[in-house]
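Since the structure comes first, as structure tokens, the remarks are kept for the end.
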Amino acid sequence: MALLQISEPGQSLDPHQRRIAVGIDLGTTHSLVASVRNGVAECLPDAQGRVLLPSIVRYLADGKRQIGHEAVEHQQSDARNTIASVKRFMGRGLGDVQDAGKLPYDLVAPGAPSPGMGMVSLDTAGGVKSPVEVSADILATLRYRAEDTFNDDLYGAVITVPAYFDEAQRQATKDAAQLAGIHLLRLINEPTAAAIAYGLDNGSEGVYAVYDLGGGTFDISILRLTQGVFEVISTGGDSALGGDDYDAALADWVLAQVGAVPQTPSDKTAARLAARACKEALTATESVAFSASVAGAAVHFDVNRTDFEANTAALTARSLAAVRRALRDARLAPEEVQGVVLVGGATRMPQIQAAVGGYFGCPPLTNLNPDEVVALGAAIQADQLAGNATAGDLLLLDVIPLSLGIETMGGLVERIVSRNETIPTAKAQDFTTYQDGQTALALHVVQGERDLVQDCRSLARFELRGIPPMAAGAARIRVTFTVDADGLLSVDALEQTSGVQARIDVKPSYGLSDDEIARMLQDSFATAAQDMQARALVEARVDADRMLIAIQSALDADGDILAPEERARIDALVQGLHAQRGADDAATVEAATKALAEGTEQFAAQRMNLGIRKALAGKNVQTL
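Heads up, the sequence shown is in the working numbering, so the first residue is 447 and it goes up one at a time.
Structure follows, in structure tokens:
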């Protein structure tokens, strides 16, 4: 007799069989993989017992590559072909790369369609490589490490991304996972992953801030932890701020002091590596020597911690500005935060710990390894998503960093999904046509906080065609924005009477630069009054255009019912609105529109009476 096997939804059909799932922290400086073994999340080491994999890939002329520790040895000797910190190029165009001239790489502008289309690429001895390909090589190495550890195929992985990664950067990470042969279970935000590790390991509950300063990115998230529910209240950050920037600031200052100018890629790399070593040493000591070979000369300079902190104070202030914005969005004061979690290797710097502790008024939590905590949290989430038995379910309530909307007439933005909206989410709004007989609608998807399209970032464009010809305003077009658990966007447009539908998965060629993100948020507050005036003027002009089109259509159809003096008066009002439409004052345009509306009320009544007479012609009222 066969037995009916019953399992919980999402769980393995065989209770004795465990799916191999891992969490991967794809970092700017280091990457690592973790998994839940014997009920405990732990990072998986390589054959030499090393947990951290340097996020560095060297490409050779024969098509071979060196990844991780092998590549580190060649950073200076073969700087052009040894790619580090590639995470900073993910989803970025050439114009988005800061200080490109100081980098030792040959950057290539986007060209023909490829896995890295729209993104800057890197010209190496092994050919032109997109950031997606370089990241895929790192991910594949971590995948092999996990499969060797378990001696089994990998079921899937949860990969972490900075909370402030935009649509393009998230999509690029997804593409890299696919290229590496990894079944992606989910993308989750790095601060959320850290909160999972801390919440489960320490039984923490309440409002917590996660301050994540890695090698190339910075995130701040405000979360509420309650019995397995991880709710992100607000998020902020800077995806072009990290330990690399502290290295660059220190290197630039030292070279300026000694008058040395890097000439070659090797010189630039040597200065950065010396600065990084100097920065790491200053964590434990007050003074250390900066030593490097630049432009054929040996550079030696003593750096003390005070000098380092002074030259990087602006970077620390940038991170605290993002912290203040996140707290303002969460409507919380610093003293209402119960604890601060430090994540990322760069948080080991004493000035960071002092600045964060001083701002929140409490010493930050550092009892978990800041390099490993993100991967550990991702592993816990991966174990659950794979359907393995867990002590309890986790509920992740993440948010999107910037508002999403579409362009409406006059270049206005109609926001459909607001920033800090919990994801996954789906929001819909109804729109209509602008002109009589309109059979198509062009949809322009934008991202940002300003009221005018020109001040936001364009994400995608598509068209809804096949709309039945109708009078202006008669069509009912429902536009639905869907943001999935990975933070990726799809947009649907449906004309509800005919059933005509169009859809697009938003995959922009490149994303928002961090300066743009910060500027968008700041401008949304600083220019609020200006935006309101601009929006009012545009709306007034759109209303005026609609009125002019409607009146002209009515005159063409039934203008003969008007007496000559009435027609002349209406024509004068039309001409007056035409003249005032270009005014820079919304009130002026509105007054002219109102005058035309009031001046044509009698004409509208006459048209209505005429329509009624035509409809009732030849019919007996008693029989109706």
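For every residue, glycine included, the Cβ atom is placed at its ideal position computed from N, Cα and C.
Closest in alpha carbon position to F736, among A697, L478, Y610, G883, is A697. In this structure A643 is not in contact with S481, their Cβ atoms being roughly 13 Å apart against a cut-off of 8 Å. In the same chain as E1012, and ignoring 5 residues on each side of it, the C-beta atoms closer than 8 Å to its own belong to Q1048, F1049, in chain order. Within the model, the alpha-carbon separation for A507 versus N527 is close to 10 Å.
Here L850 is buried, its C-beta having at least 16 other C-beta atoms within 10 Å. The closest CA to that of A530, considering only V604, E519, V503, is found on V503. As summarised for the segment 866-890, the continuous beta strand (DSSP E) elements at least 3 residues long and confined to that stretch are 871-877, given in chain order. Nearest neighbour of V479 by Cα position, chosen from L1023, S680, V604, turns out to be V604. Burial of I513 is indicated by the presence of at least 16 other C-beta atoms within 10 angstroms of its C-beta. The beta carbon of L600 is closer than 8 Å to those of I466, A467, V468, R589, A592, E593, I628, H629 in its chain, skipping five residues each way along the sequence. At a Cβ-Cβ threshold of 8 Å, A874 and T943 do not count as neighbours. Between D1030 and L994, the CB-CB gap reaches or exceeds 8 Å. Contact holds between the segment 654-661 and the segment 769-787, because three or more Cβ pairs, one in each stretch, are under 8 Å apart. Around the beta carbon of I923, 16 or more other beta carbons lie within 10 angstroms, which makes this residue buried. E519 sits in coil when the DSSP states are folded into three classes, being neither helix nor strand. Bounds of the alpha helix (DSSP H) holding H1024 are 1010-1026. Here DSSP, grouped into helix, strand and coil, assigns P500 to strand. The C-beta separation of G912 from T885 comes to about 7 Å, placing the pair in contact by the 8 Å criterion. Shortest Cα-Cα distance from L910 to any of Q617, D901, L940, C902 involves L940.
When the beta-carbon positions are compared, D989 and T1039 come within less than 8 Å of each other.
Take the alpha-carbon of L935 and the one of D951: they are about 6 Å apart.
By the criterion of a C-beta distance shorter than 6 Å, R1053 is surrounded in its chain by D1004, once the five residues flanking it on both sides are discounted. For Y657, the uninterrupted beta strand (DSSP E) run begins and ends at 652-659, by DSSP. G851: not part of any alpha helix (DSSP H); member of the beta strand (DSSP E) spanning 850-854, first to last residue. Rounded to the nearest angstrom, the Cβ distance from C489 to A821 is 6 Å, consistent with a contact under 8 Å. By the CB criterion at 8 Å, R981 and L858 fall inside the cutoff. Judged by DSSP secondary structure, D713 falls within the alpha helix (DSSP H) whose first and last residues are 711-728. Excluding residues up to 5 positions away in sequence, I846, V863, I869, P870, T871, L935 lie with their Cβ nearer than 7 Å to the Cβ of V929 in the same chain. Here T475 is buried, its C-beta having at least 16 other C-beta atoms within 10 Å. When rounded, the separation of the alpha-carbon atoms in A546 and N813 is 37 Å. Excluding five sequence positions before and after V580, the CB atoms of its chain that fall closer than 6 Å to its own CB belong to V503, I529, V532, given in chain order. Bridge partners of N750 according to DSSP: S733. For A1061, there are no CB contacts under 7 Å within the same chain when 5 residues up- and downstream are skipped. The beta carbon of A571 sits closer than 7 Å to the beta carbons of Y505, L506, A507, N527 from its chain, once the five residues preceding and following it are set aside; these are given in chain order. With 16 or more other Cβ atoms inside 10 Å of its own Cβ, N635 counts as buried. Taking P637 as the centre and dropping the five residues before and after it, the same chain places the C-beta of A609, V656, D658, D665, S667 closer than 6 Å to its C-beta, in chain order.
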